[in-house]
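The structure under discussion appears below in the form of structure tokens.
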Amino acid sequence: MSDTQVPEIMKQGKIAPWLYVAPALLIMTAFIVYPGINTFLLSFKNADGTLSAAAACVQGEPCWGILENFRYALTAPIMLNAFRNNLLWGVLMVGGTVGLGLLIAVLADRVKYEALAKAIIFMPMAISFVGAGIIWKFVYAYGTGQVQIGLLNAIVIKLGGDPISWLSEPAFNNFALILVGVWMWTGFCMTILSASLKSVPTEIIEAARVDGATEWRVFWKVMVPIIMPTIAVVVTTMVINVLKIFDIVYVMTGGNYGTEVIANRMYGEMYISHQSGRSAAIAVILILLTIPFMVWNVRRFRAQEAIR
Amino acid sequence: MASVKYEHVTKRWGSVVGVNDLSIDIADKEFIVYVGPSGCGKSTALRLLAGLESITEGKIYIDDRVVNDVKPKDRDIAMVFQSYALYPHMSVYENMAFGLRQRKTSKSEIDRRVREAANILGIEQLLDRKPGQLSGGQRQRVAIGRAIVREPNVFLMDEPLSNLDAKLRVQARAEISKLHQRLETTFIYVTHDQVEAMTMGTRIMVIKNGIRQQIDTPQNLYEYPVNLFVAGFIGSPAMNFMDAKLVERGDKVAVDCRDFILDVPEGKAAVYRRHLGEDVILGIRPEDTHDAEYCPAGINKSLVEVRVDVTELLGREVVVHLTSENIEFQGIFDPRTKARVGNTMAVAFNMDSTHIFDKQTELAIR
Amino acid sequence: MTTDRIKMILAGLPTHIVLIGLCLIWLIPTIGLFVTSLRPFQDINQSGWWTALAPRKAVGQDVYEKYLAPYYGLDGKAVEGVDLFDPELIGQFRRSIELTVFLREQMEEGKVQLEEMPDPQEMSDLLTYLRQLSGAENAASRLRFTLNNYIDAVMGYRGRANYTTACAEGEQALDLNCNISDLMNPRGMGRAFINSLLVAIPCTILPILFAAFAGYAFSWLHFPGRMGLFALLVGLQIVPLQMTLIPISRAYAQLGLNGTFLGIWLFHTGFGLPYAIYLMRNFIGSLPREIFESAYLDGMSHWTVFYKLALPLSVPALASLAIFQFLWIWNDLLVALVFLGGQRPVLTYQIGNMVSSLGAGWHLLTAAAFVSMALPMIVFFSLQRFFVRGMLAGAVKG
């Protein structure tokens, strides 16, 4: 993002440029800057934002004073569960989307129906989490003592197993939700990785082949290192997405049966428990978790753009 | 229909100097070319005149009017850009009419001028096309057409041919020259290509590092370069330079190039005699370096024995790379030459066309 | 075909198998949803969608054998004067409740002594069975696919039959008028669809318009602090949406903007801007400088340059951005939930509500989901090119 040298001829007037920027500036101040600061302050207040958070402390129980909301956000069992789940999401969903995305990008590059295959994988990106939630709820559908109309349980029965309530069984439900996430986001990773793979100069690949490297080695020793910056950007983008994951959980389990995640907890504290201070504290924690990835991501992206 | 004058014009961005104390007088109806290597300030000089950049110091006049603070659109100039800067979403007709519409020219007048310009340039059949549907040469014509319809007093062209392939460029060169004769307007043309400069300009300004080196007719520039830079820049292949010393041999002045000593013809001796013993640079163009066997008659020639390194047959001539012990240089030989790689042969320098430059100041000694 | 050629094809086989396999895994859930949404609701819970084209199982036979066979016999003729397999008799019972009434009468007349009545579901199955056996209705001929689910979902019908039948029999719910006005039923997907459009269209146009203004100024106009301000605005991308919900909804409560379109328009505009400005500035800034210079030489003002040059030339970026923003708004649940809620239900909200209220069966859910997915899918498949381009340009969007 280099500073374009504005031609001197275009220095027209002192006010005019501000008029162009003003609408964006005003709206962004009102809707991002102000509420951002406000939330930050709110996180130190009690449930309805009238008193210090310390007011919520109960005699004889641990209390962090003004940081009481943060104590809750960092130590409450349900929050710990949410953090654990987000971590699980992070590992499995990022690994799954990037791994599958890369695999599909590589495979699709070798076939004639590349565009079709990519469109199919990418399609879930166009639909809402809600729509995806319904699609997968139907796949996971579980009925007691009747015909299994859910595809997954039908397969389980065909294989001789007993039907499983995928979304309420703690052993499975987080994985079932994460699978939906992978289904939705693999297309994103695939598209970016595919574009990056295609930008690897064919000469380099051919040179490696001429040097006698197998396809496998060409891929791991030549292509992957070259697109590493892109992989890094995709991974961090996905990490940020995972941190904010909300809709899938909200639609499919509502955070019940041990599937709670941070963002859903934040929503719940605000709109179900009406604990705005706690909710704000969770929001602050969320942004603090996000910032390092975001900054790093932007840096890498810039560096990568500069190389191009 | 306008003269242009730069008076001690300087352009600085912070500590970066674009144009340094530039003064030029351009007469009405002249075709003047600013030429120099990239980044030399030639484009900046043009953009200062166009009003695309502000002048740091000095004044620019168009027809005796100081235009430093005149808005570009009121300077009565038109500019053709290197990339043509055609508006991609408008048809050729709209592209040409656009500037006039901004000036509230009447519809019928716009139509008349656009059709006339299209006629001059032979692009009538393209008027409804979009720039994206045109070839490079056609786009270039549209860009010129857009300038013509403005009927400006001064035409500014910033490397308008550099995006064309070699063959088209030769053709377009001639067309622009014809256009100049037809429109009888002042043309100012920027290029890095000395062939373009030599073939098109009535006068040429050679510029380097923002400083004017020489401004003269093509002929004078070629025959009497004022310094080493101009000598090396004008002409292709470039002039051969050899470190040398002016010495006295018998009663004659001679140039000692270590490997050989060349006598200076009588006519020039008087000037050089004053610089005897000084370190100089001898410049001699490849076209003045002949195969002794096919040397044109009636020149003051000096013969030397050298080895042939490479020969490049170009059809009507052969470019030969020659070496002696310490010196490498090129000659343009008659195609009948017997020069073969590895052979040693006699070469004749046309001593009437040598140039001597002071090694320190790099200025021509005359 | 030479052996080399066969070898080549075999070598490529694993690629095809893996890729096609993955594509199928990706497609099948959606296909399942789509097929289900087109099946009659009677079928949906009786068999998996993948059997939609397989022969139907006879239903109700077990119910008949359990409750009625002891009295009426397996041939339906054991009771004097009643032939349960008579198409004329069975044809009178259009709905299972009428069969229930008939059986009650039979009991009162002392012809049979059922220990318990079949429950409604069983009764429905029973009627299906009788109709089929008597030939009053050939279940095999019942259409395997129907659009009724869509009609029900769009109109907001949630009863046991379907909208068309209910209206024909005048048994619709109170909130239905059985005319075109039902499209605006707050419980229906039709109304939600319109609400979604009313949210998504302004929320797409406004931020892009403002971003184009700002992007132009940041690229081609000179003012002090230009780059610093630009970096700052773009940096606002890191503020997660969730963080701004609480104060805004409080402010909205005071301003009376909760549940209004204006409120959500402004919010989405604010939130769409950082990324939109980033993209627009990069695009407008990469337009050839000479075009702008040429325009200024021609005496155009910055405003003319903006709307006659910068804007038309930015169409590719505007298109990418518009698609991205539109899909994002259309698919958003969280913001709609917080700022519009049930007052102006959008598609995502309506479906979310259907899921959690459990009042709606699969036939409605699947149809509703497909209604909400139709537009994004059309947009996506017809404008995929722009979508992908926009995504690549802004891979850092968080």
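Here the protein sequences come in this chain order: U, P and X. Counting from 1 along the first sequence, just add 505 to a position and that's the residue number in the working numbering. Counting from 1 along the second sequence, just add 28 to a position and that's the residue number in the working numbering. Counting from 1 along the third sequence, just add 1422 to a position and that's the residue number in the working numbering. Each residue gets a CB set at the ideal place from its N, CA and C atoms; glycine is no exception. Treat the numbers as computed from the prediction; the structure is a model and nothing was measured.
Beta-carbon neighbours of residue i, restricted to chain P and to distances below 9 Å
i: residue 1729 of chain X; result: Result: empty, since nearest Cβ-Cβ is about 12 Å, beyond 9 Å.
i: residue 1735 of chain X; result: 115, 116 and 117
Between the CA atoms of residue j and residue i - distance to the nearest angstrom
i: residue 377 of chain P; j: residue 45 of chain P; result: 41 Å
i: residue 723 of chain U; j: residue 713 of chain U; result: 6 Å
i: residue 749 of chain U; j: residue 609 of chain U; result: 25 Å
i: residue 351 of chain P; j: residue 322 of chain P; result: 19 Å
i: residue 1609 of chain X; j: residue 1773 of chain X; result: 10 Å
i: residue 768 of chain U; j: residue 1554 of chain X; result: 53 Å
i: residue 391 of chain P; j: residue 259 of chain P; result: 10 Å
i: residue 97 of chain P; j: residue 103 of chain P; result: 10 Å
i: residue 1426 of chain X; j: residue 736 of chain U; result: 37 Å
i: residue 605 of chain U; j: residue 639 of chain U; result: 23 Å
i: residue 355 of chain P; j: residue 234 of chain P; result: 28 Å
i: residue 506 of chain U; j: residue 299 of chain P; result: A caution first: residue 506 of chain U carries a pLDDT of 35, below 50, which makes its placement in the model too unreliable to give a value.
i: residue 1633 of chain X; j: residue 522 of chain U; result: 13 Å
i: residue 349 of chain P; j: residue 358 of chain P; result: 5 Å
i: residue 73 of chain P; j: residue 42 of chain P; result: 17 Å
i: residue 1483 of chain X; j: residue 1565 of chain X; result: 21 Å
i: residue 584 of chain U; j: residue 592 of chain U; result: 12 Å
i: residue 296 of chain P; j: residue 34 of chain P; result: 35 Å
i: residue 1529 of chain X; j: residue 763 of chain U; result: 52 Å
i: residue 560 of chain U; j: residue 1672 of chain X; result: 21 Å
i: residue 1752 of chain X; j: residue 1688 of chain X; result: 15 Å
i: residue 1624 of chain X; j: residue 1630 of chain X; result: 10 Å
i: residue 1817 of chain X; j: residue 1669 of chain X; result: Legend: pLDDT at residue 1817 of chain X = 47, less than 50; position of this residue unreliable, value from coordinates given subsequently. Near 29 Å, if we compare the C-alpha coordinates of residue 1669 of chain X and residue 1817 of chain X.
i: residue 334 of chain P; j: residue 372 of chain P; result: 5 Å
Buried or exposed (CB count within 10 angstroms, at least 16 for buried), residue i
i: residue 567 of chain U; result: exposed
i: residue 667 of chain U; result: exposed
i: residue 78 of chain P; result: buried
i: residue 1729 of chain X; result: exposed
i: residue 625 of chain U; result: buried
i: residue 54 of chain P; result: buried
i: residue 123 of chain P; result: buried
i: residue 690 of chain U; result: buried
i: residue 1430 of chain X; result: exposed
i: residue 99 of chain P; result: exposed
i: residue 93 of chain P; result: exposed
i: residue 375 of chain P; result: buried
i: residue 1642 of chain X; result: buried
i: residue 1690 of chain X; result: buried
CB-CB length for residue i against residue j, believed under 8 Å
i: residue 786 of chain U; j: residue 557 of chain U; result: Contact doesn't hold; Cβ gap of about 13 Å is too wide.
i: residue 382 of chain P; j: residue 311 of chain P; result: 7 Å
i: residue 1521 of chain X; j: residue 1788 of chain X; result: Not a contact, Cβ separation roughly 29 Å.
i: residue 1511 of chain X; j: residue 1494 of chain X; result: That pair is no contact at about 12 Å.
i: residue 1576 of chain X; j: residue 1612 of chain X; result: 4 Å
i: residue 249 of chain P; j: residue 309 of chain P; result: Their Cβ separation, rounded to whole angstroms, is 18 Å, which puts residue 249 of chain P and residue 309 of chain P out of contact at 8 Å.
i: residue 1733 of chain X; j: residue 1618 of chain X; result: About 27 Å; that fails the 8 Å criterion.
i: residue 191 of chain P; j: residue 105 of chain P; result: Not really, about 22 Å apart at Cβ, beyond 8 Å.
Interface residues of chain X facing residue i [CB-CB closer than 7 Å]
i: residue 780 of chain U; result: Result: empty, since nearest Cβ-Cβ is about 11 Å, beyond 7 Å.
Interface partners of residue i on chain P, CB under 7 Å
i: residue 1718 of chain X; result: 100
i: residue 1646 of chain X; result: Under the 7 Å cutoff, chain P gives no residues; its nearest Cβ is about 16 Å from residue 1646 of chain X.
Chain-ordered neighbours of residue i on chain X, where CB pairs are closer than 9 Å
i: residue 703 of chain U; result: The premise fails here: residue 703 of chain U is roughly 11 Å from chain X at the closest Cβ pair, so nothing lies under 9 Å.
i: residue 628 of chain U; result: 1448, 1449, 1452, 1799, 1802 and 1803
i: residue 659 of chain U; result: 1470 and 1472
Neighbour list for residue i in chain P, Cβ cutoff strictly below 8 Å
i: residue 1710 of chain X; result: 111 and 113
Legend entry - Stretch-stretch touch, CB-based, cutoff 8 Å, three pairs: the region 50 to 66 of chain P with the region 204 to 214 of chain P: Yes, the region 50 to 66 of chain P touches the region 204 to 214 of chain P.
Inset, instruction - Say whether the region 1696 to 1706 of chain X touches the region 568 to 575 of chain U, bearing in mind that this needs 3 or more beta-carbon pairs closer than 8 Å, one atom from each stretch. - result: Taking 8 Å as the limit for Cβ pairs, the verdict is that the region 568 to 575 of chain U does not touch the region 1696 to 1706 of chain X.
Legend entry - the region 626 to 634 of chain U / the region 1792 to 1808 of chain X touching (three or more Cβ pairs under 8 Å): In short, these stretches touch, since the Cβ pair count reaches three.
Legend entry - Given 8 Å, three or more beta-carbon pairs between the region 142 to 156 of chain P and the region 166 to 173 of chain P: With the cut-off at 8 Å, the region 142 to 156 of chain P and the region 166 to 173 of chain P touch.
Legend entry - Any 3 or more C-beta pairs closer than 8 Å across the region 1706 to 1713 of chain X and the region 1631 to 1648 of chain X: Contact holds: three or more Cβ-Cβ distances are below 8 Å.
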